[in-house]
Amino acid sequence: MEVGRISFTFQLDCSSECEFVFMEGSAKKGVTILQSWTGQQPRQFYSYLVRRNDSFTFSWAFQKVSWEKSYLRPSSSRRYEGDVAKIFNINVTNTVDGGASTCLPCPQVGLSSPVRPQVHPVTQMSTRACEDGRRSTVTVRCALEESGQGAVTLPKRCPDGTCDGCNFHFLWATPYGCPICSPTDL
Numbered sequence: 001m002e003v004g005r006i007s008f009t010f011q012l013d014c015s016s017e018c019e020f021v022f023m024e025g026s027a028k029k030g031v032t033i034l035q036s037w038t039g040q041q042p043r044q045f046y047s048y049l050v051r052r053n054d055s056f057t058f059s060w061a062f063q064k065v066s067w068e069k070s071y072l073r074p075s076s077s078r079r080y081e082g083d084v085a086k087i088f089n090i091n092v093t094n095t096v097d098g099g100a101s102t103c104l105p106c107p108q109v110g111l112s113s114p115v116r117p118q119v120h121p122v123t124q125m126s127t128r129a130c131e132d133g134r135r136s137t138v139t140v141r142c143a144l145e146e147s148g149q150g151a152v153t154l155p156k157r158c159p160d161g162t163c164d165g166c167n168f169h170f171l172w173a174t175p176y177g178c179p180i181c182s183p184t185d186l
């Protein structure tokens with residue numbers, strides 16, 4: 001049964017490895033990756049059917065190069081400044097009782113400033129459930145024993161990542177959270 005639908009048109013212009021991810025967040029199921037695309041992608045349309053009556057947050061993420069490449073060669077990400085994900089339009093249908101009236105603007109990063117992941121994203125628009133908006137805190141822990149990109153865990157007392165539906169907490173244990181020493185640090 002279709003409760004609603006979110007659709008968008010996008011394009012990926014990448015001269016190297018890149019990934020574009022579309023995610024759904026809900027208090028009942030936490031954050032789920034719905035679809036991901038890698039590499040160069042022509043302009044295309046994607047549509048997702050919402051089949052459950054619930055409150056959702058949809059979000060997109062774009063990673064220019066693999067974590068491994070940016071970890072091993074921190075300056076390598078500057079070579080890919082032209083890599084972009086473009087979202088041309090977003091359409092949400094059948095919102096019930098207080099759907100979002102606007103989308104939040106994408107964060108802007110100047111070409112001269114280093115690109116750094118945002119680890120405390122805040123949705124400042126208030127909702128009936130969250131007067132001060134929604135907040136996510138990602139704590140990165142150095143964990144050399146983890147393989148690949150590591151593991152994300154949620155608090156034990158709040159297994160969905162949130163106890164109140166407004167403040168979300170994630171612990172990312174990863175070798176990429178460990179300090180990197182360069183010859184200039186000595």
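For the sequence shown, counting from 1, position 51 maps to 51 in full-length UniProt numbering; every step adds exactly one. Glycine included, every Cβ here is placed at the ideal spot set by N, Cα and C. In this text, all values refer to a predicted model and were calculated from it rather than measured experimentally.
Quiz item: For V109, does the three-state DSSP call read helix, strand or coil?
Solution: For V109, the pLDDT reaches just 39, beneath the cut-off of 50, and the residue's location in the model is therefore unreliable, although a value from the coordinates is still provided. In this structure, V109 counts as coil in the three-state DSSP scheme.
Counted within 10 angstroms of its Cβ, other Cβ atoms place I6 as buried (16 or more) or exposed
Per the 10 Å Cβ criterion, buried.
Residue span of the beta strand (DSSP E) that contains P155, given as start and end: Neither: P155 is in no beta strand (DSSP E) and is coded neither H nor E.
- Taking buried to mean at least 16 other C-beta atoms within 10 Å of its own C-beta, is T174 buried or exposed? T174 is classed as buried because its beta carbon has at least 16 other beta carbons within 10 Å across all chains shown.
_Residues in the same chain with beta-carbon distance under 8 Å from I90, minus the five sequence neighbours each way, listed in chain order, please._
Within the same chain, and ignoring the five residues on either side of I90 in sequence, the residues whose Cβ sits closer than 8 Å to its Cβ are I6, S7, F8, C103.
| field | Three-pair Cβ contact test at 8 Å for the segment 153-170 versus the segment 130-141 | value | A contact exists between the segment 153-170 and the segment 130-141.
Exercise. Give me the Cα-Cα distance between F56 and Y176, rounded to the nearest whole angstrom.
Key: Using only the alpha carbons, I get a separation of about 30 Å.
Look at the Cβ atom of C163, then the Cβ atom of R157, and state whether they are nearer than 8 Å.
A Cβ-Cβ contact shorter than 8 Å links C163 with R157.
Please work out which residues of its chain come closer than 6 Å, Cβ to Cβ, to C130, disregarding the five sequence neighbours upstream and downstream, and give them in chain order. Cβ within range, chain order: C166.
Classify C178: buried if its beta carbon has 16 or more other beta carbons within 10 angstroms, exposed otherwise. Counting the other Cβ atoms within 10 Å of the Cβ of C178 gives fewer than 16, which makes it exposed.
- prompt: So which of E146, D54, F45, A85 has the shortest CA-CA distance to G25?
  reply: Among E146, D54, F45, A85, the Cα nearest to that of G25 belongs to D54.
**Asked** To the nearest angstrom, how far is it from the Cα of L154 to the Cα of E145?
**Response** A straight line joining the alpha-carbon of L154 with that of E145 spans about 19 Å.
Original post:
Which residues in the same chain as Q11 place their Cβ atom closer than 8 Å to its Cβ, once the five residues preceding and following it in sequence are excluded?
Top reply: Contacts found: Q41, P42, R43, Q44, A85, K86, F88.
Residues sharing a beta bridge with T93, DSSP
In the DSSP output, where bridge partners are listed per residue, T93 has R5.
*Going by other Cβ atoms of all chains shown within 10 Å of its Cβ, with 16 needed for buried, is K28 buried or exposed?*
Exposed, because fewer than 16 other Cβ atoms sit within 10 Å of the Cβ of K28.
*asked:* Tell me which residue opens and which closes the beta strand (DSSP E) that residue 274 is part of.
replied: Because the chain in this structure spans residues 1 to 186, residue 274 falls outside the shown range and cannot be described.
Query raised in the report: Between T93 and Y46, what straight-line distance do the alpha-carbon atoms span, to the nearest angstrom?
Result: Between the C-alpha atoms of T93 and Y46 there is a straight-line separation of about 14 Å.
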